[in-house]
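Numbering (my numbering), first residue to last: 16 to 180.
Here a beta-carbon is modelled for each residue, glycine too, at the ideal position from N, C-alpha and C.
Nothing here was measured: the structure is a model prediction, and the numbers come from that model.
Working notes, beginning with the structure itself.
This is the structure:
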């Protein structure tokens, strides 16, 4: 759709559950459209709709990323430190491709149903309020809370005034 300069998502995984994070740079005037598309994709994933091609692309991407984890001494140490801190076995990276290849569409659908909860997400949008507000409100994803750069609540009148100065 040419809404974005690049969007990505991941689970911030630790020994315990971590958050699902999605982010990207979006063309300001397309922010609401991009967010609507993102929410549609999450809903589609939650329904279990993953094509064979999408699954294969995802598997290949995960497997191809492994060598980069060992491109330098620092990266190698970091990879093994993460494996150790997550309680993974010593042969985790050697076994990883086999485990990834064994993932089925039903595995993906089950994980999405269990772990993706779009209605419970906190959505953070940064950009020109005057340009974004109407489109975001039209999506009806929940209440919009305005924050300043330090995270403090801002009254709507103050926010509008500050964007026009």
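- In this structure, residue 19 sits away from residue 147, with a CB-CB distance that is not shorter than 9 Å.
- Around the beta carbon of residue 46, 16 or more other beta carbons lie within 10 angstroms, which makes this residue buried.
- Each residue's CA atom was taken as its position, placing residue 157 and residue 113 some 41 Å apart.
- DSSP, reduced to helix, strand and coil, places residue 30 outside both helices and strands of the structure shown, so it counts as coil.
- In this model, residue 102 and residue 144 are separated by some 44 Å (Cα to Cα).
- Under the three-state reduction of DSSP, residue 24 is assigned to strand.
- Nearest neighbour of residue 129 by Cα position, chosen from 76, 163, 63 and 72, turns out to be 63.
- Proximity to residue 111 across 131, 84 and 29 peaks at 84, based on C-alpha coordinates.
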